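If you're matching them up, the sequences are chains A and B in order. For the first sequence, counting from 1, position 181 maps to 181 in UniProt numbering; every step adds exactly one. For the second sequence, counting from 1, position 85 maps to 85 in UniProt numbering; every step adds exactly one.
2 protein chains.
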Amino acid sequence: VVFDTDDEDLKPGMTILLKDGDRPIATVKFTEKFAPNKPLECLKCYGTSQIEHPGSLMVATERGRYYMGGEVTGLNLPIREFPCRTPKEVRDSLPDDKDVVAFQCRNPVHRAHYELFTRALDDENVGEGGVVLVHPTCGPTQADDIPGNVRYKTYEVLKEETADPRVKWDYLPYSMHMAGPREAIQHMIIRKNFGCTHFIIGRDMAGSKSSITGDDFYGAYDAQDTAKANAEKLGVTPVPSLNLVYCEEEGYVTADFAEEKGLSIKKLSGTKFRQMLRGGEDIPEWFAFKSVVKVLRENA
Amino acid sequence: VVFDTDDEDLKPGMTILLKDGDRPIATVKFTEKFAPNKPLECLKCYGTSQIEHPGSLMVATERGRYYMGGEVTGLNLPIREFPCRTPKEVRDSLPDDKDVVAFQCRNPVHRAHYELFTRALDDENVGEGGVVLVHPTCGPTQADDIPGNVRYKTYEVLKEETADPRVKWDYLPYSMHMAGPREAIQHMIIRKNFGCTHFIIGRDMAGSKSSITGDDFYGAYDAQDTAKANAEKLGVTPVPSLNLVYCEEEGYVTADFAEEKGLSIKKLSGTKFRQMLRGGEDIPEWFAFKSVVKVLRENA
Numbered sequence: 001v002v003f004d005t006d007d008e009d010l011k012p013g014m015t016i017l018l019k020d021g022d023r024p025i026a027t028v029k030f031t032e033k034f035a036p037n038k039p040l041e042c043l044k045c046y047g048t049s050q051i052e053h054p055g056s057l058m059v060a061t062e063r064g065r066y067y068m069g070g071e072v073t074g075l076n077l078p079i080r081e082f083p084c085r086t087p088k089e090v091r092d093s094l095p096d097d098k099d100v101v102a103f104q105c106r107n108p109v110h111r112a113h114y115e116l117f118t119r120a121l122d123d124e125n126v127g128e129g130g131v132v133l134v135h136p137t138c139g140p141t142q143a144d145d146i147p148g149n150v151r152y153k154t155y156e157v158l159k160e161e162t163a164d165p166r167v168k169w170d171y172l173p174y175s176m177h178m179a180g181p182r183e184a185i186q187h188m189i190i191r192k193n194f195g196c197t198h199f200i201i202g203r204d205m206a207g208s209k210s211s212i213t214g215d216d217f218y219g220a221y222d223a224q225d226t227a228k229a230n231a232e233k234l235g236v237t238p239v240p241s242l243n244l245v246y247c248e249e250e251g252y253v254t255a256d257f258a259e260e261k262g263l264s265i266k267k268l269s270g271t272k273f274r275q276m277l278r279g280g281e282d283i284p285e286w287f288a289f290k291s292v293v294k295v296l297r298e299n300a
Numbered sequence: 001v002v003f004d005t006d007d008e009d010l011k012p013g014m015t016i017l018l019k020d021g022d023r024p025i026a027t028v029k030f031t032e033k034f035a036p037n038k039p040l041e042c043l044k045c046y047g048t049s050q051i052e053h054p055g056s057l058m059v060a061t062e063r064g065r066y067y068m069g070g071e072v073t074g075l076n077l078p079i080r081e082f083p084c085r086t087p088k089e090v091r092d093s094l095p096d097d098k099d100v101v102a103f104q105c106r107n108p109v110h111r112a113h114y115e116l117f118t119r120a121l122d123d124e125n126v127g128e129g130g131v132v133l134v135h136p137t138c139g140p141t142q143a144d145d146i147p148g149n150v151r152y153k154t155y156e157v158l159k160e161e162t163a164d165p166r167v168k169w170d171y172l173p174y175s176m177h178m179a180g181p182r183e184a185i186q187h188m189i190i191r192k193n194f195g196c197t198h199f200i201i202g203r204d205m206a207g208s209k210s211s212i213t214g215d216d217f218y219g220a221y222d223a224q225d226t227a228k229a230n231a232e233k234l235g236v237t238p239v240p241s242l243n244l245v246y247c248e249e250e251g252y253v254t255a256d257f258a259e260e261k262g263l264s265i266k267k268l269s270g271t272k273f274r275q276m277l278r279g280g281e282d283i284p285e286w287f288a289f290k291s292v293v294k295v296l297r298e299n300a
């Protein structure tokens, strides 16, 4: 978290009060103020200083010209649309002698996701009796993401519908940077703090494309590779996402298995799904949970 | 020139007064306001949206979030440290039946520059009886450039010292973008408007390097090549800079000639020159004009 400002009057030695509306959240006693080297910051964080990258664009055009640091003293937790428990509260709610596999998401959970994170418990790296922590980020989203308050409702109804004791749900106040491999590392550090031992990483995790050319900034497996290379140092084990597909004959299976057995795969694109959602068409239950579809329709 | 603002209250239909201090310069009757696509702008202008480029950094971090356009009505010319004549005034002062070769610069003129632009008159593309227009830019400079008011004095004393009827001097209110080949084109268009038929282009004209890695954004001859490719369309002929060196035996000659003849080349780097200037050492007259050195010393 960066405290940035254009204010020439804020100076080290001053103490300010951070508020959320009228609610006092924290004081900051400033100890330093500097003009950041934004090109260097973007290169180190995002691997590029091109403002075609949403992170570099944010640093360059939305953040002020000064960064300030200091001593932060918490006063009250903010009141959020998603109730976000503290790391300690989440840690205390998790089994402390079992593996905890974190699943990061920023979209509603559909069948394929659900299969993916429950099957992650069978991964060779995850111990007997492990649990999943579904831990959606709920900070400001990308322009085309579903609004946070609607996503929150989809998660809550799904938690109730599935009622699986191996699946825990909590929310993370965090806004994606789309920083690819470096963001995977950041997510692993954050989830470690929330008591997780494992972290599911998919293809293109936190990936982004040039806003102009559409070219990818990172390779599809960069996040997985970087996570593996740093797993020991971080004390968090990455679990690669299974590439699951749905077929008539056997339900969700891996793409490799389906190809080997010549199974008939069913596909439904995100675009087609949104069209059907808007058009009031029946959404096949192999694709989405009824409870989730209902929430999305009621809040369209 | 871009009118940029963060002001939410400025709207199309409004007319504003632009002032320089208390002096009214122009009115602008706004007809449009929009949020620019800065990544696209940077790519098109600078060939990169990396904010390691000084132009992209300026667009991203110094310009406001809106651009506005409208009808501009001039009231008074600004009063400048460098008196900048209008394009019409400059055109009227130049011979209209001879070639006019523009020399762009943003540093004091030393011997090598002087030789370079006077010998440009002998270029095969320049007609008999041509003149040079020395046309330094005098807008805000890079951090390590010599301040405008000092440069202005060096040009004025040199004009007097050399008093060459083939050399005309004028000043251009313009700040470099370091946009390489695209900036060469812009300079040619501007100089055409000031009555020039030819434009001298050196190696690395308007070139720039990454502020972090030091890598060049453009090839050494990109500006010359782009200028040649567009010369006919622009109606301005580029004149490549001669690569001149100084030797004891014959004074300024081309580097190729010096090598062929095995002449003993003398060199003095810009860094060494500035050291000698600060140290009060004698500057060799083959390198710099006495009048220019005197001004630089008096204004150090």
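Note that beta-carbon positions come from the ideal geometry of N, C-alpha and C, so glycine has one too. None of the values given here were measured: they were computed from a predicted structure.
Q | Integer-rounded CB distance, given that P39/B should sit under 8 Å from Y67/B | A | That pair is no contact at about 14 Å.
Q) When the distance is taken between beta carbons, is L94/A closer than 8 Å to K168/A? A) yes
Q | Sequence-distant residues of the same chain with beta carbon closer than 6 Å to S210/A, five excluded per side | A | E52
Q: Check whether the Cβ of S211/A lies closer than 7 Å to any heavy atom of the ligand SAM, and answer yes or no.
A: As presented, the structure is devoid of all ligands, the ligand SAM included, so that no description of it is given.
(Q) Out of N107/B, T48/B, R297/B, which one is the CA nearest neighbour of C138/B? (A) Ranking the options by Cα distance to C138/B, first place goes to N107/B.
Q. Closest to I189/A by CA distance: which of G127/A, E260/A, G235/A, D97/A is it?
A. G235/A
Q) How many angstroms separate the CA atom of E62/B from the CA atom of V90/A? A) 43 Å
Q: Quick one: residues in its chain with C-beta nearer than 7 Å to the C-beta of N243/B, no 5 flanking neighbours on either side, listed in chain order?
A: Within the same chain, N243/B has close Cβ partners T254, A255.
Q: Look at A179/A and Y46/A and say whether their C-beta atoms are less than 8 Å apart.
A: yes
Q. Are the C-beta of P240/A and some C-beta of chain B separated by less than 8 Å?
A. No, its Cβ sits nowhere closer than 8 Å to a Cβ of chain B.
Q. Since A60/B meets chain A, which of its residues come closer than 7 Å, beta carbon to beta carbon?
A. Within chain A, the residues I51, A60, T61 have their CB atoms less than 7 Å from the CB of A60/B, given in chain order.
Q.
Between which residues of its own chain and R297/B is the CB-CB distance below 7 Å, once the five residues before and five after are set aside?
A. L277
Q. Should the stretch 283 to 292 of chain A be regarded as contacting the stretch 143 to 162 of chain A, the criterion being three or more beta carbon pairs within less than 8 Å?
A. yes
Q) Considering only C-alpha positions, which residue in the set F194/B, S208/B, G279/B is nearest to P87/B? A) F194/B
Q: Could you tell me the boundaries of the beta strand (DSSP E) in which R151/A lies?
A: For R151/A, there is no enclosing beta strand (DSSP E); the enclosing alpha helix (DSSP H) covers residues 148 to 162.
Q) Is the distance from the Cβ of F103/B to the Cβ of V132/B below 8 Å? A) yes
Q.
Is S56/B close to chain A? Criterion is C-beta to C-beta, closer than 8 Å.
A. yes
(Q) Taking the alpha helix (DSSP H) that K209/A belongs to, which residues open and close that run? (A) Segment: none, K209/A is in no alpha helix (DSSP H) and carries neither H nor E.
Q: Count the other CB atoms, across all protein chains shown, that sit within 10 Å of the CB of M205/B; report buried if there are 16 or more and exposed otherwise.
A: buried
Q. Quick one, are the C-beta atoms of V295/B and V157/B less than 8 Å apart?
A. yes
Q) Name the chain B residues whose beta carbon is nearer than 7 Å to that of K38/A? A) I51, T61
Q) Do you know offhand how far A112/B's Cα is from R182/B's? A) 26 Å
Q. Does the beta-carbon distance from D96/A to H135/A come in below 8 Å?
A. no
Q | Of the residues T27/A, H198/A, G69/A, the one placed nearest V101/A, counting alpha carbons only | A | If you compare the alpha carbons of T27/A, H198/A, G69/A with that of V101/A, the shortest gap goes to H198/A.
Q: Counting only the same chain and skipping the five closest in sequence on each side, list residues whose C-beta sits under 8 Å from that of P83/A.
A: Y171
Q. With respect to the alpha helix (DSSP H) encompassing H113/B, which residues constitute its N-terminal and C-terminal limits?
A. Unbroken alpha helix (DSSP H) run through H113/B: 111 to 119.
Q) Just curious, the alpha helix (DSSP H) that I189/B is in, first and last residue? A) 181 to 193
(Q) For the stretch 70 to 85 of chain B against the stretch 68 to 83 of chain A, do three or more pairs of beta-carbon atoms, one drawn from each stretch, fall closer than 8 Å, so that the two count as touching? (A) Touching, no, given that fewer than three Cβ pairs across the two stretches are closer than 8 Å.
Q. From T15/B, P238/B, I200/B, S49/B, pick the residue whose C-alpha is nearest to that of G69/B; which is it?
A. T15/B
Q) So who's on the other strand from I51/A, going by DSSP bridges? A) Note: I51/A is not bridge-paired with any residue in the DSSP secondary-structure output.
(Q) If I measure Cβ to Cβ from G148/A and keep anything under 7 Å in the same chain, skipping five residues before and after, which residues do I get? (A) E81, F82, C138, T141
Q: Using only alpha-carbon positions, find the residue among F273/B, L263/B, Q50/B, K44/B that is nearest to C42/A.
A: When only C-alpha atoms are compared, the closest one is Q50/B.
Q. For T31/B versus L17/B, is the C-beta spacing smaller than 8 Å?
A. no
Q | Reference E124/A, options D6/A, P238/A, F3/A, closest by Cα | A | P238/A
Q) What is the C-beta distance between I201/B and Q224/B, in whole angstroms, given that I count them as a contact (C-beta under 8 Å)? A) 5 Å
Q. From the DSSP output, which residues share a beta bridge with E250/A?
A. Its beta-bridge partners do not exist; DSSP assigns none.
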